[in-house]
Amino acid sequence: MQIIRSLLFNVVFYLNLIVQMVGWSPYYFLSPRHRAWFVPKFWAKSNLWLMDKIAGTRSEITGQENLPEGSFILAPKHQSFWDTFAFLPSLHDPLYILKRELTWIPFFGWYILKMNMIPVNRGKRSIALKKAVADAKREMSAHNRQLIIYPEGTRRAPGDEPIYKYGIVEIYAQLGLPVVPVAHVAGLWWPRRKFMRYPGTIKARFLKPIPPGLDREEFMRRLIGETETACDALLVEAATTENHPPLPPTAVKRLKELVAAEAGRDSPAA
């Protein structure tokens, strides 16, 4: 039954994208950007509603009180396509740094360009990063936007060893803005590179912002430590929930490590 529900959701998900992208085009492209944001945010909310009603996958996002006013950097864990849209409704004027090839896609690329996103040529990394930082600084200072950066760059399975890229450190240092880590294990319910969608509740949380002005090493230490600690807690909670989704080998391995670490802390020798 869940295979059928997953297949149905995937079909409806992409139909929803196409229908809304085409149907909203007159309003979207004729409106100023701050009004046009209604369309992507409505699309994101409709996706979450469809996931709940079709696949039985609910979304619970907490910690909105930790989002600063004005400009800041949002640094979500990246495990699933879910985390590319689920946070949009919580942000006033989001900004993405993305590969320029996405802007070449008909309709989708036009939507991106309308929102003044920052396309980069990933073939020239050092030059691209410098230009991306300059463009982000200009956009955020002019319009109080919120920059969304995935510190690991690519999707990783729940429980997998974290590999944070240095780009987030450079952007943090150059922009001088607070960074809000986002913890979740959405990859359990919406796995990467798979069509299955599992029932249950995806829980995500905006963590307390990391203040600007820290040295690079301290910032990276805090970002990794606070994000991964919160993700570990969510993984344990998910794994101990009745009828939890299938756990990938990375999650099983991480859970064993957490159990061993806890046993070590509780031992008399510790």
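The numbering of the sequence shown is this note's numbering, which starts it at 1 and goes up by one. Virtual Cβ for every residue (Gly too), placed ideally from N, Cα, C.
- Restricting attention to Trp110, Pro119, Glu65, Gly70, the CA atom closest to the CA of Trp24 is found in Trp110.
- The three-state reading of DSSP puts His184 in strand, counting E and B together.
- Rounded to the nearest whole angstrom, the CA to CA distance from Arg138 to Ser71 is 12 Å.
- Nearest Cα to Glu217 within the set Pro181, Leu17, Thr84, Ile168: Ile168.
- Listed in chain order, the non-local C-beta contacts of Thr62 below 6 Å within the same chain comprise Arg205, local neighbours out to five positions each way being set aside.
- Between Ser6 and the set Leu258, Pro249, Met220, Trp190, the nearest pair of CA atoms involves Trp190.
- Look at Arg265 here: in three-state DSSP terms it is helix.
- A residue is called buried once 16 or more other Cβ atoms fall within 10 Å of its Cβ, and Met51 is buried on that count.
- The criterion of a C-beta distance shorter than 9 Å is not satisfied by Trp43 and Phe87.
- Cβ neighbours of Arg254 within its own chain (closer than 6 Å, five residues either side excluded): Gly159.
- Beta-bridge annotation (DSSP): Phe107 is not paired with any residue.
- Around the beta carbon of Trp104, fewer than 16 other beta carbons sit within 10 angstroms, so the residue counts as exposed.
- Contact annotation: Phe108 and Val22 have beta-carbon atoms that are not nearer than 9 Å.
- Excluding its 5 nearest sequence neighbours in each direction, Trp82 has C-beta neighbours in its own chain below 6 Å: Ala186, Trp190, listed in chain order.
- DSSP, reduced to helix, strand and coil, places Glu101 within a helical segment of the structure shown.
- In the DSSP assignment, Gln174 falls within the alpha helix (DSSP H) that extends over 167-175.
- Just so you know, the alpha carbons of Val133 and Gly176 end up roughly 11 Å apart.
- Scanning its chain for C-beta atoms nearer than 7 Å, with the 5 sequence neighbours on each side dropped, one finds no residue around Phe38.
- Its chain contains Ser6, Leu7, Asn10 as the residues whose beta carbon lies nearer than 8 Å to that of Phe195, once the 5 sequence neighbours on both sides are disregarded; these appear in chain order.
- Around the beta carbon of Lys203, 16 or more other beta carbons sit within 10 angstroms, so the residue counts as buried.
- The C-alpha of Pro211 lies about 47 Å from the C-alpha of Met1.
- The DSSP-derived three-state label of Gln64 is helix.
- Scanning Gly153, Pro76, Lys114, Arg197 for the CA closest to the CA of Pro40 turns up Lys114.
- Annotation for Pro178: Pro68, Phe72, Ile73, Pro209, Ile210, Pro211, Pro212 place their beta carbon closer than 8 Å to its own, counting only its chain and skipping 5 residues before and after.
- Contiguous alpha helix (DSSP H) elements confined to the segment 186-251 occur at 216-239, taking only those with 4 or more residues.
- Three or more Cβ pairs drawn from the segment 139-147 and the segment 87-98 lie within less than 8 Å of each other, which places the two stretches in contact.
- In the three-state reduction of the DSSP assignment, Thr154 falls in the coil class.
- A distance of 9 Å or more separates the beta carbons of Leu207 and His244.
- Contact between Ser46 and Asn16 holds, with the beta-carbon distance rounding to 6 Å and staying under 8 Å.
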